[in-house]
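91 is the number that our numbering gives to position 37 of the sequence shown; each next residue is one higher, with no gaps. Cβ atoms here follow ideal geometry from the backbone N, Cα and C, with glycine treated the same way.
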Amino acid sequence: MKIANAITLGRLVLVVIGLTLLALRPGRERMTWDLDWLMFGCLFVGAVTDFVDGWAARKFHEVSQVGRLLDPLVDKILVCGALVLFLQMPDLSPWVPGWVVVVILVREFVVQSLRGAAEAQGSDFGADQFGKWKMVSQCVYVLGLASYQAGWDWPIEVVRYAIWVALGFTVLSGFNYVRKAARVLEF
């Protein structure tokens with residue numbers, strides 16, 4: 055197995071563990087301090103190591119079709135999975151508007167479908183700068199909410215700004231990818 059793909063699979067395992075622990079939270083004031091912080095830690099490491107697998111693929115000349123598809127899929131599982139789970143947490147309802155989650159989900163499904171079609175034709179459909187900033191801003195938003203759920207005492211109102219930044223980059227990068235796909239896929 056290639057090093058980069060192993061890192062991506064490690065990220066996937068961490069994200070699944072973090073989301074599973076997050077899914078256990080609704081209806082509870084707190085789990086235990088250890089589990090709350092384990093949830094946050096898994097999501098945090100899964101998010102901040104996003105650049106490591108791509109770096110390893112380029113550094114060790116291991117760029118692969120599997121990695122090019124699996125890495126963004128893990129990103130989507132992290133962000134979309136966390137947002138869907140946050141929707142069922144009443145204390146987060148002011149910070150997780152349903153319509154924002156729908157916009158993010160639609161963008162992710164559309165771009166992932168376009169990426170799959172373009173890559174199947176042999177075109178490079180990797181992340182551009184807007185896509186990278188979109189992922190960073192979405193992770194800041196998700197990790198801000200996760201840290202709040204883990205009991206970190208900080209002004210949750212900061213998340214209100216993160217929502218708009220993440221939404222802006224989500225929409226902007228989505229339009230950019232659709233424009234790119236229109237040229238590549240000739241539709």
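The alpha helix (DSSP H) enclosing residue i, as first and last residue numbers
i, result
"Lys188", "Gln183 to Gln203"
"Leu226", "Val212 to Leu239"
"Gln175", "Note, Gln175: premise wrong, no alpha helix (DSSP H); not H, not E."
"Pro126", "Gln119 to Leu141"
"Arg79", "Here Arg79 belongs to no alpha helix (DSSP H), and DSSP marks it neither H nor E."
"Val106", "Asp104 to Lys113"
Separation of residue j from residue i, as counted between CA atoms
i, j, result
"Leu89", "Leu75", "7 Å"
"Asp303", "Leu132", "Given that the chain is displayed from residue 55 to residue 241, the structure contains no residue 303 and the question cannot be resolved."
"Ala171", "Leu239", "8 Å"
"Leu124", "Tyr202", "29 Å"
"Met93", "Gln119", "30 Å"
"Trp109", "Gly205", "33 Å"
"Asp207", "Val128", "29 Å"
"Ile210", "Asp145", "11 Å"
"Ala111", "Leu63", "13 Å"
"Leu97", "Val117", "25 Å"
"Ser147", "Gly72", "20 Å"
"Gly185", "Leu226", "9 Å"
"Thr224", "Ile158", "7 Å"
"Leu141", "Val213", "15 Å"
"Val102", "Phe241", "35 Å"
"Ala60", "Met143", "33 Å"
| request: Pair every Cβ in the stretch 203-223 with every Cβ in the stretch 168-181, then say whether three or more of these pairs are closer than 8 Å. | output: no
* Asked: Would the stretch 222-237 and the stretch 159-171 be scored as touching if the rule is three or more Cβ pairs under 8 Å?
  -> yes
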